[in-house]
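Student: My questions will all concern the structure given below.
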Amino acid sequence: MVHLAPRHPPAQLPAPPQPRPPADLPLPLLPPPSLVSLLLEGVASSPSLPHLRHIHALVVRLPVPQTSVPLILSRLLRRLAALPLPPVRAPLRYAAAVFSSLSPPDPFLATALLRFAHLTQPPLETFRLFSGLRRAHGGELPFLPFAFSPLAKSAAAARSLPAAAAAHAVSILLGGFDKHRFVENSLIGAYVACGDVGAARKVFDDMMVKDEISWTSIVVAYSKRGDMGSAEEVFVQCPLKDMVAWTAMVTGYAQNAMPVKALEVFEQMAAAGMAIDEVSLTGAISACAQLGAVRRAAWVQEIAEQKGFGRNVVVGSGLVDMYAKCGLIDEACRVFEGMKEKNVYAYSSMIVGLASHGRANDAIALFNDMVSRADVKPNHVTFIGVLAACSHAGMVREGRFYFAQMKDRFGILPSADHYACMVDLLGRAGLVVEALDLVKSMTVEPHAAVWGALLGACRIHGNTEVAKVAAEHLFKLEPEGIGNYVLLSNTLASAGEWDEVSKVRKLMRNRRLKKDPAVSWFEGRDGLVHQFFAGDNTHPRTSEIKKALLELVAKLKLAGYVPHLSSIVYDVSEQEKERLLMGHSEKLALSFGLLILGSGSTVRIVKNLRICEDCHLFMCLVSKVESINIIVRDNMRFHHFNDGECSCGGFW
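According to full-length UniProt numbering, the sequence shown is numbered sequentially starting from 1.
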């Protein structure tokens, strides 16, 4: 084999010296900026209307190329719209004069004029201006597609469906611009803002080419309306999902009581590498709060801190609420204390959380610290927390004091929600007639929560006469509210008024109402949430759960447990009542929790309805016999069971 020597590049010769210009000659200068560039820069930095008028005069007097004049004047109108001017007609008259200074009328400038009107004038003024331009110039002024966007946006701002339809119509009549994607997206936005999602969907379905804005607008529209089935259908088909679409799905599921789906989508959003913002985080936090999922809650907080929202007061307030609703009130306190900035929302979240856990004295102490040392003015939510704290602890005197303080010291007029808290406070304390008198004296119209609190008090204390009064109002306010019928029926059944019970149940059948099923949730070590219905046989470990429950009941009976048969309001045998009690959803969840976690652990359960007297007694005894902590969140409050006692003190 012949080896060739590598070829070396030729030696580099030094560059010949360049001749230097004589010292007395000037160095070459850059070409001066053009007149058009100077005028555009002047427009962009203009601080006032007089200054813009001066530039306008220069455009007229100086030799500006005519082809550049529409661009300069359009930028001038854009800058004029951005100036802090009051929304009066004077700037509009000047803007119209700018448009009229060109002959023939320029369609580009007409678009700028309509945009100016949309940004600075009352919403429907844009339509009047558009009609005026058509009358004045007729076919001489061919409108560009972008001219119809200000019309659609003005219709959206006015929430005027006729205006949205008019914008749609003229976009078709004047050139078929309804098939222009920019116009189509504006029309979708207008119809959505006006509440006609069906019309928005028709525009969307007819689009030849859809972009991210098109897909996202429809997803957001369905989410805001609560139609999560349609939102999911569109979202799944969406080829390009932006942050807004993901966020709409997370918040939509959270706001429509679908927390599991909300967290699933949030997890997918994070895995897809999408930017996480304050809104999507708040949706995930809300979902964790609804579900009471401890491990998911810790994961969401970790993401919040990773994304730089650890000191965000909105996210921080949400985390406080989340941990409180997950049963981790001490963790909620830790987050609250770690917040650098605390506003009324943060304080209110903490006060409401303490109240729901039965820590009334801590809630009131924090309220006093808030208004005295921190000098933060309370709002109506703050007082709902304070009054709820008094209600859960049976602190009637303190509740009356703070109810009076609302108006007398802080100038907050009691709303129906505050009256509901007071009715609940008085009713739970056995002052049912006084609670009814308070309702009759209300300065605002009592809503369903007020009458519901009164009916609940009647259920506790067996006052059937007042119960019938409360139920009568509830049946008018919430004719489909199955819970009201059930509560009245149970109250009457407990008093042995079976003929009256039959009348209520017949009314339920005639109205085709079905009782909401009792359901409880338990979160396992792996973060998987298990769901149990009353009498449930669908769980894969049902046989183990029921066997363990029977063994647990036998152990409790040796310790003195006697089932609270009055918790079953059906007219059936005692044996059947005991069988029904053993199928209550929270007992099934507890049995499964013990199988998974064992003795000496903490079992957390969330229930959608109020815990019954028998299950409350059952939890107390299990906490002592099995040496475990049990935390139950029902639809009223938290119950912390430990060593045979509950944090509610038997008052719930």
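Glycine is no exception: its CB is placed at the ideal position from the N, C-alpha and C atoms.
What you are looking at is a predicted structure, and each value in this text was computed from that prediction instead of being measured.
If you count every other CB in all the chains shown that lies within 10 Å of the CB of D634, and 16 or more means buried, which is it?
Tutor: Here residue 634 refers to the residue found at position 634 of the sequence shown. The residue is buried, with at least 16 neighbouring Cβ atoms inside 10 Å.
Student: On the CB-based measure, 16 or more other CB atoms within 10 Å of its CB, does S74 come out buried or exposed?
Tutor: Taking the first residue of the sequence shown as 1, we reach residue 74 at position 74. So S74 counts as buried.
Student: If you reduce the DSSP assignment to three classes, tell me which class F309 lands in.
Tutor: The residue given as residue 309 occupies position 309 in the sequence shown. Coil.
Student: Taking all protein chains shown into account, do 16 or more other C-beta atoms lie within 10 angstroms of the C-beta of A324, making it buried, or fewer, making it exposed?
Tutor: Along the sequence shown, one-based indexing puts residue 324 at 324. With 16 or more other Cβ atoms within 10 Å, it is buried.
Student: Reducing DSSP to helix, strand and coil, say where F533 ends up.
Tutor: Locating residue 533 in the sequence shown gives position 533, where the first residue counts as 1. In the structure shown, F533 sits in a strand (DSSP, three-state: E or B).
Student: Let me check one thing: in DSSP terms, what residues is V501 bridge-paired to?
Tutor: Here residue 501 refers to the residue found at position 501 of the sequence shown. Beta-bridge pairing links V501 to no other residue.
Student: When you measure from the CB of G316 to every non-hydrogen atom of the ligand MN, does any distance come out below 8 Å?
Tutor: This structure simply doesn't include the ligand MN, nor any ligand for that matter.
Student: Who are the Cβ neighbours of H639 in its own chain at under 6 Å, not counting the five residues just before and after it?
Tutor: Position 639 of the sequence shown, counted from the start, is the residue given in the question as residue 639. Contacts found: V632, C646 and C648.
Student: Where does T538 sit, in a helix, a strand or coil, going by DSSP?
Tutor: Reading the sequence shown from its first residue, position 538 is the one you call residue 538. It is coil, neither helix nor strand.
Student: For S520, report the span of its beta strand (DSSP E) as first-last.
Tutor: Working through the sequence shown from its first residue, we reach residue 520 at position 520. V519 to E523 is the span of the beta strand (DSSP E), which, as asked, contains S520.
Student: Beta-carbon separation of Q470 and L455 under 9 Å?
Tutor: On the sequence shown, residue 470 is found 470 positions in, with the first residue counted as 1. On the sequence shown, residue 455 is found 455 positions in, with the first residue counted as 1. At residue 470 the sequence reads Ala, which differs from the Gln that was named. Yes, the Cβ-Cβ distance between A470 and L455 is below 9 Å.
Student: Just reading off the alpha helix (DSSP H) that I72 is part of, what are its end residues?
Tutor: Position 72 of the sequence shown holds residue 72. Note, I72: alpha helix (DSSP H), V69 to A82.
Student: In whole angstroms, what separates the C-alpha of A95 from that of C194?
Tutor: Locating residue 95 in the sequence shown gives position 95, where the first residue counts as 1. Locating residue 194 in the sequence shown gives position 194, where the first residue counts as 1. Using only the alpha carbons, I get a separation of about 29 Å.
Student: In the structure shown, what three-state DSSP assignment does E331 receive?
Tutor: For the purposes of this step, residue 331 is taken as the residue at position 331 of the sequence shown. Helix at E331.
Student: Can you tell me which of S48, R459, K179 and C288 puts its alpha carbon nearest to the alpha carbon of L76?
Tutor: Counting from one through the sequence shown, the residue named residue 76 turns up at place 76. Comparing Cα positions, the closest option is S48.
Student: For the beta strand (DSSP E) that I631 lies in, which residues bound it at each end?
Tutor: Counting from 1 along the sequence shown, the entry for residue 631 is found at position 631. N629 to R633 is the span of the beta strand (DSSP E), which, as asked, contains I631.
Student: Rounded C-beta distance between A389 and A365? I'm assuming under 8 Å.
Tutor: Taking the first residue of the sequence shown as 1, we reach residue 389 at position 389. Taking the first residue of the sequence shown as 1, we reach residue 365 at position 365. A389 to A365, Cβ: 10 Å. No contact.
Student: Taking the alpha helix (DSSP H) that I218 falls in, what are its first and last residues?
Tutor: Within the sequence shown, residue 218 is the residue found at index 218, counting from 1. First-last of the alpha helix (DSSP H) with I218: E212 to R225.
Student: Keeping to the same chain, check which residues put their C-beta closer than 8 Å to that of R311; ignore five residues upstream and five downstream.
Tutor: Residue mapping note: residue 311 aligns to position 311 of the sequence shown, counting from 1. Only M339, K340 and E341 meet the Cβ criterion.
Student: Determine the burial state of L354: buried for a count of at least 16 other Cβ atoms within 10 Å of its Cβ, exposed for fewer.
Tutor: Sequence index remark: in the sequence shown, residue 354 carries index 354 (1-based). Answer is buried; the Cβ neighbour count reaches 16.
Student: Whether or not the stretch 136-149 and the stretch 104-114 are in contact is what I'm after, with contact meaning three or more pairs of Cβ atoms, one per stretch, closer than 8 Å; do they touch?
Tutor: yes
Student: Between the beta-carbon of A293 and the beta-carbon of L328, is there less than 9 Å?
Tutor: Walking along the sequence shown from the start, residue 293 turns up at place 293. Walking along the sequence shown from the start, residue 328 turns up at place 328. Cβ distance not < 9 Å, so A293 and L328 don't count as in contact.
Student: In the DSSP assignment, find the unbroken beta strand (DSSP E) run with T602 in it and report its ends.
Tutor: As a working mapping, residue 602 is identified with position 602 in the sequence shown. Per DSSP, T602 belongs to the beta strand (DSSP E) from T602 to K607.
Student: Compare the C-alpha of residue 656 against each of L580, I605 and L581 and name the closest.
Tutor: Outside the shown range of the chain (1 to 652) lies residue 656, about which nothing can therefore be said.
Student: Can you tell which of L581, P104, R93 and R428 has the C-alpha that lies nearest to the C-alpha of T120?
Tutor: For the purposes of this step, residue 120 is taken as the residue at position 120 of the sequence shown. Nearest of L581, P104, R93 and R428 to T120, Cα basis: R93.
Student: What residue from L558, L595, G598 and K547 has the CA that sits closest to M582's CA?
Tutor: Indexing the sequence shown from 1 puts residue 582 at position 582. If we check each option's Cα against that of M582, K547 comes out closest.
Student: From the DSSP output, read off the bridge partner residues of E645.
Tutor: Locating residue 645 in the sequence shown gives position 645, counting from the first residue. Partner(s): N642.
Student: Do A495 and G452 have their C-beta atoms closer together than 9 Å?
Tutor: The residue labelled residue 495 in the question sits at position 495 within the sequence shown. The residue labelled residue 452 in the question sits at position 452 within the sequence shown. No; because the gap between Cβ atoms is not below 9 Å, this pair is not in contact.
Student: Quick one: complete alpha helix (DSSP H) runs, 4+ long, within the stretch 454-507?
Tutor: 464-477 and 482-494
Student: Measuring straight from C-alpha to C-alpha, what distance separates residue 682 and L565?
Tutor: This structure leaves residue 682 out entirely; the chain is present only between 1 and 652.
Student: Going by the beta-carbon positions, is the gap between E523 and R359 smaller than 9 Å?
Tutor: Position 523 of the sequence shown, counted from the start, is the residue given in the question as residue 523. Position 359 of the sequence shown, counted from the start, is the residue given in the question as residue 359. No, Cβ-Cβ distance for E523 and R359 is not below 9 Å.
Student: Do L52 and V43 have their CB atoms nearer than 9 Å?
Tutor: Walking along the sequence shown from the start, residue 52 turns up at place 52. Walking along the sequence shown from the start, residue 43 turns up at place 43. Against a cut-off of 9 Å, the Cβ pair of V43 and L52 comes out as a contact.
Student: A221 and A200: beta carbons closer than 9 Å?
Tutor: Walking along the sequence shown from the start, residue 221 turns up at place 221. Walking along the sequence shown from the start, residue 200 turns up at place 200. Their beta carbons are under 9 Å apart, which means A221 touches A200 by this criterion.
Student: Between V396 and W498, what straight-line distance do the alpha-carbon atoms span, to the nearest angstrom?
Tutor: Translated into positions along the sequence shown, residue 396 becomes position 396. Translated into positions along the sequence shown, residue 498 becomes position 498. When rounded, the distance between both Cα atoms is 34 Å.
Student: Can you list, in chain order, the residues of its chain with a C-beta nearer than 6 Å to that of H357? Leave out the 5 residues immediately preceding and following it.
Tutor: In the sequence shown, residue 357 corresponds to position 357, counting from 1. Excluding positions up to five away in sequence, the list reads I329 and F638.
Student: In angstroms, rounded to a whole number, what distance separates the CA positions of V314 and A346?
Tutor: Numbered from 1 along the sequence shown, position 314 holds the residue referred to as residue 314. Numbered from 1 along the sequence shown, position 346 holds the residue referred to as residue 346. Roughly 8 Å separates the two Cα atoms.
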